[in-house]
Amino acid sequence: MMMTFDSSTDQLIALAIAEDLGTGDITTNSVIPEEDKISGQYIAREEGVVCGLGVLLRVFAIIDPLVVILPIVKDGQRVVPDQVLARISGPARSILSGERVSLNFLQHLSGIATKTARIAESVEGTGVRILDTRKTIPGLRWLEKYAVRTGGGTNHRMNLSDGILIKNNHIKAVGRITKAIEQARLNAPPTLKTEVEVENLEQVQEALNAGADIILLDNMNLDTMRQAVKLINGRAVTEASGNMEQKNLADVAKTGVDMISIGGLTHSVKALDISLRIV
0 MMMTFDSSTD
10 QLIALAIAED
20 LGTGDITTNS
30 VIPEEDKISG
40 QYIAREEGVV
50 CGLGVLLRVF
60 AIIDPLVVIL
70 PIVKDGQRVV
80 PDQVLARISG
90 PARSILSGER
100 VSLNFLQHLS
110 GIATKTARIA
120 ESVEGTGVRI
130 LDTRKTIPGL
140 RWLEKYAVRT
150 GGGTNHRMNL
160 SDGILIKNNH
170 IKAVGRITKA
180 IEQARLNAPP
190 TLKTEVEVEN
200 LEQVQEALNA
210 GADIILLDNM
220 NLDTMRQAVK
230 LINGRAVTEA
240 SGNMEQKNLA
250 DVAKTGVDMI
260 SIGGLTHSVK
270 ALDISLRIV
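Counting from 0, one number per residue, gives the positions in the sequence shown under numbering that gives the first Met the number 0.
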């Protein structure tokens, strides 16, 4: 998978660099002579799925174009402990000053890709798609959702303008599911599908009667979920959501739902252990 960049991503990376450098890397600049050159390797310390090599390249393109990065693996590739991910060489000061920012991005995105791949494998062969949510670190959504795709997941809405998702608070604000769907059909672009969050079988039936395109089954137990899927009977796409990581996802998939969305893919993921070793 290839990562593409726009100006907003470069601005994000530049902001991270400025945040870390402050007025300058006083340790490196006082210890390392300006003319020194070094080389090193980015190494995986645990098994996982790599993601963020494109960001690694951009970090050092912004810090110092004289730094040379040679990726050894590709985003989406599975790696094992002690495997070399990329080689780096160039001005010592630039490499040492960019070490932490580059690792922060690489570790975090690889952690998301690794977790997504593990979860996707747990439902492999069922036809169920694993979706992310908007529960992302502010400013990092585009990169985090790229990491989900790299791990074999599917992106839900990128932002609030991407689709209609009528949630519980929308329903409470207008009174009923039927009215909420009617308002959406009246005021939103007709090309957008309408998704509705429901919590019980009565709401499932109301959403069906109102013509929902996608029905999100929120925090239902497996038995209720099975009944909901049977009631819907293919008349709408089904999505299971709500504390999904606390459930056996293979069992959730067996209920017949089409998609499972998991906020934990991005909002509380463990970083993959990666280090930069100067050689």
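The beta-carbon is built from N, C-alpha and C at its ideal position, and this holds for glycine as well. Only a predicted model underlies this, so the values are computations on that prediction, with no experimental measurement involved.
query	result
Can you tell me where the alpha helix (DSSP H) holding residue 250 begins and where it ends?	248-253
Taking residue 196 as part of the beta strand (DSSP E), name the residues at either end of that continuous run.	193-197
In chain order, what residues of the same chain lie with their CB nearer than 7 Å to the CB of residue 69, ignoring the 5 residues before and after it?	85 and 86
Do the region 108-121 and the region 143-162 touch if we need at least three Cβ pairs shorter than 8 Å?	yes
Just to confirm the assignment, what range does the alpha helix (DSSP H) spanning residue 293 have?	What is shown of the chain runs 0 to 278, which leaves residue 293 out entirely.
With distances taken Cα to Cα, identify the nearest neighbour of residue 91 among 81, 57 and 39.	39
I'd like the list of long-range same chain contacts for residue 81, defined as Cβ closer than 8 Å, with 5 residues on each side in sequence excluded.	42, 43 and 44
By DSSP, does residue 67 sit in helix, in strand, or in coil?	strand
I'd like to know whether the C-beta atoms of residue 212 and residue 249 end up nearer to each other than 8 Å.	no
Residue 243 lies in the alpha helix (DSSP H); which residues open and close that run?	From DSSP, residue 243 is part of no alpha helix (DSSP H); its letter is neither H nor E.
Could you please give the first and the last residue of the uninterrupted alpha helix (DSSP H) stretch that includes residue 44?	That residue, residue 44, is in no alpha helix (DSSP H); it is neither H nor E in DSSP.
Using DSSP with H/G/I as helix, E/B as strand and the rest coil, what is residue 261?	coil
Taking Cβ positions, are residue 9 and residue 62 nearer each other than 8 Å?	no
Answer yes if the region 251-268 comes into contact with the region 126-133, meaning at least three C-beta pairs across the two stretches below 8 Å, and no otherwise.	yes
Which one or two residues does DSSP pair with residue 90 in a beta bridge?	36
Have a look at residue 196 and residue 217 and give me their C-alpha separation to the nearest angstrom.	6 Å
Could you please give the first and the last residue of the uninterrupted alpha helix (DSSP H) stretch that includes residue 6?	6-20
Would you decide whether residue 187 is buried or exposed? Buried here means 16 or more other CB atoms lie within 10 Å of its CB.	exposed
Please name the residue, chosen from 171, 21, 165 and 172, that lies closest to residue 180 on a Cα-to-Cα basis.	165
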